[in-house]
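Numbering (my numbering), first residue to last: 760 to 945.
Remarks on the structure that follows.
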């Protein structure tokens, strides 16, 4: 084989896979969200939805039973920090002018307002938020802030990238198994 490899993934796929991996850190039983902030094709920050750093998430109302009684202290959303907000908080004062945010779920209205404050110029999201009026308001804010919003549509490239990762892990597993057999035979 000569020349460079031709079937490598594009940047959008690379960063969306990274956002998917970030969402795997979430302990939320209903909705896991991951976010990655990039600039000049480098990851600046990642985030996922979860509790504040200094809060023990074992002492947390993950079941949100308070939704039935409007008891705010028994609703997870009272305490959860969204993936986008966590990613923004982890930028530690970096200049985000012209940055891109990759997120697995379209941002809520609160996160939209925070994003509009930062200089981020592009949002790439994977999944729709299920509250159409809030999405419309968020899109209006993004429009007024001149932030480009793109829905990541090429699910096949994501599946291919994730499948290649799985195949790679299987190869490692097979090599390790071969080494064990070789060591046993010696």
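Think of the CB as a built atom: it goes at the ideal place given N, C-alpha and C, for glycine as much as any other residue.
Taking C-beta atoms as the reference points, residue 792 and residue 864 count as a pair closer than 8 Å.
Counted as a single uninterrupted DSSP element, the alpha helix (DSSP H) harbouring residue 903 occupies residues 891-903. Residue 797 is bridged by DSSP to 802 and 859.
Per the C-alpha coordinates, the member of 765, 842 and 828 positioned closest to residue 873 is 842. At least 8 Å separates the beta-carbon of residue 807 from that of residue 844. By the C-beta density criterion, residue 862 is buried, having at least 16 other C-beta atoms within 10 angstroms. Under the three-state reduction of DSSP, residue 763 is assigned to coil, being neither helix nor strand. Residue 882: member of the beta strand (DSSP E) spanning 881-886, first to last residue. Just so you know, the alpha carbons of residue 891 and residue 897 end up roughly 10 Å apart. Between residue 884 and residue 911, the CB-CB gap stays under 8 Å. Straight through space, the alpha carbons of residue 929 and residue 905 are spaced by roughly 44 Å. In the assembly as shown, residue 761 is an exposed residue. Its beta-carbon has fewer than 16 other beta-carbons within 10 Å.
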